[in-house]
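*Asks:* Numbering (my numbering), first residue to last: 5 to 364.
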Ligand SMILES: Cc1cc2nc3c(=O)[nH]c(=O)nc-3n(C[C@H](O)[C@H](O)[C@H](O)COP(=O)(O)O)c2cc1C
């Protein structure tokens, strides 16, 4: 599954990831919108509506809601179904002050009665539509006080159909290594494992998956039924295809050629312009080129990245990409070392995650 990454996994990017799955369409089970404010959706705020936009190429799609008022969350869930959601997800993992101060996101891990009441209220409105409710959570708030393995069974009793677990605590934010043992404990508490059918619900493991082999490692170490990939997909949106191939055949696929990667960038810019605006496409590609560039020419493509980020408009981006394919912007002292870690603060579109610190 493609993780929600506010300000990154927009409709255009979700479609790119889906188009890069295996030829039979397998690889991505589900992709998710950014976290959405039910109040914003119900008010018809332009930002919320843009973030919730989906279409027929973007299926199945989850819409993720955040908040702490069960009645409002249920209204948001109904709105999501009426606007194309195949799954509604509740955010129980966001560590950002703006969200947790109002008891939303990972703060719900500390107020289990409200968390379960939100699930119950949403399931009540979703059930008649046959739309499942899922929860995405962290291991707990404090490092020394895991909550997820205790809370998950209560959420399942309240009607949650799947749990995604990011193997970190709120205190950790995005630092430190993902805790596979913590994910395994949630699988043991509620999970149906990938080893075979059994009681329980699917638990989806999340955190630090960068390559197809990491998917296998996550599944082996935790027993989770599936995985969700966020940052790893930003520079390698073909990771879902690679992982599916590895799981189903035991073989690794070769890395796509640089020509294919350039075409991916081209399609991405065009899709952003089609589904949002020219200006949005340009703002996004200027920062996203750093991510794509990590995997072009082994990361040594400083001149290409600079030319794309300095392009005045989409036609110029296309021209830069054409010229790169024709051999320009190559050679010389091009290696600029590992590219800087993405900063959520770079996000043009994510009022919430814009406040998170630099990511490791
Ligand atoms: C910039 C940024 C934005 C994020 N936005 C969301 C979000 O809207 N909803 C959510 O549940 N998680 C969000 N996450 C967390 C990711 O979905 C994921 O749990 C986390 O990045 C770990 O997975 P990864 O190592 O595969 O990226 C965000 C993470 C980052 C870095």
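Glycine is no exception: its CB is placed at the ideal position from the N, C-alpha and C atoms. Given the structure is predicted, the values throughout are model-derived calculations rather than measurements.
Give the list of continuous alpha helix (DSSP H) stretches no shorter than 4 residues that lie fully inside the segment 150-208.
*Replies:* List check, alpha helix (DSSP H) in window: 152-161 and 184-194.
*Asks:* Is residue 102 near ligand 1, judged by its Cβ being under 6 Å from some heavy atom?
*Replies:* No.
*Asks:* Would residue 78 be called buried (16 or more neighbouring beta carbons within 10 Å of its own) or exposed?
*Replies:* Residue 78 is buried by the Cβ-count criterion.
*Asks:* Once you ignore the five residues that flank residue 24 on each side, which residues in its own chain have a CB closer than 6 Å to its CB?
*Replies:* The answer, listed in chain order, is 241, 242 and 245.
*Asks:* Among 48, 30 and 6, which has the Cα closest to the Cα of residue 37?
*Replies:* If we check each option's Cα against that of residue 37, 6 comes out closest.
*Asks:* Roughly how many whole angstroms lie between the Cα atoms of residue 161 and residue 124?
*Replies:* Distance between the alpha carbons of residue 161 and residue 124: 9 Å.
*Asks:* In chain order, what residues of the same chain lie with their CB nearer than 6 Å to the CB of residue 151, ignoring the 5 residues before and after it?
*Replies:* For residue 151, where only same-chain residues beyond five positions count, the Cβ hits under 6 Å are 113 and 144.
*Asks:* Quick check: the Cα distance between residue 164 and residue 271, rounded to an integer number of angstroms?
*Replies:* Between residue 164 and residue 271, the C-alpha separation is close to 36 Å.
*Asks:* If you measure between the beta carbons of residue 170 and residue 97, is that distance less than 7 Å?
*Replies:* Contact: yes.
*Asks:* How about residue 275: is its Cβ closer than 6 Å to a heavy atom in ligand 1?
*Replies:* No.
*Asks:* Rounding to the nearest angstrom, what Cα-Cα distance links residue 42 and residue 63 in this structure?
*Replies:* Answer to the nearest angstrom: the Cα atoms are 21 Å apart.
*Asks:* Rounded to whole angstroms, how far is the Cβ of residue 188 from the Cβ of residue 225, which I believe are closer than 8 Å?
*Replies:* With a Cβ gap of about 7 Å, residue 188 and residue 225 count as contacting.
*Asks:* Is it buried or exposed, residue 309, if we count other Cβ atoms within 10 angstroms and call 16 or more buried?
*Replies:* Per the 10 Å Cβ criterion, buried.
*Asks:* Consult DSSP for residue 147 and reduce its assignment to one of helix, strand or coil.
*Replies:* Coil at residue 147, not helix or strand.
*Asks:* Give the DSSP-derived three-state secondary structure of residue 53 in the structure shown.
*Replies:* DSSP places residue 53 in helix when its eight states are reduced to three.
*Asks:* Cα separation between residue 330 and residue 238?
*Replies:* About 25 Å.
*Asks:* I'd like to confirm something about residue 316: is its beta-carbon nearer than 6 Å to some heavy atom of ligand 3, or not?
*Replies:* Looking at this structure, you won't find ligand 3 anywhere; what it does contain is ligand 1.
*Asks:* Hey, is residue 38 close to ligand 1, as in C-beta under 6 Å from one of its heavy atoms?
*Replies:* Under cutoff, so the answer is yes.
*Asks:* Just the Cα atoms here: how many angstroms apart are residue 341 and residue 304?
*Replies:* With a pLDDT of only 41 at residue 341, under 50, the local geometry of the prediction cannot be trusted, and no value is derived from it.
*Asks:* Measuring alpha carbon to alpha carbon, tell me which residue in 131, 117, 13 and 287 is nearest residue 81.
*Replies:* Selected option, being the one with the closest Cα: 131.
*Asks:* Among 318, 293 and 268, which has the Cα closest to the Cα of residue 282?
*Replies:* Checking every option, the nearest Cα to that of residue 282 belongs to 318.
*Asks:* Report the residue from 87, 102 and 154 whose alpha carbon sits nearest the alpha carbon of residue 120.
*Replies:* The option with the nearest alpha carbon to residue 120 is 154.
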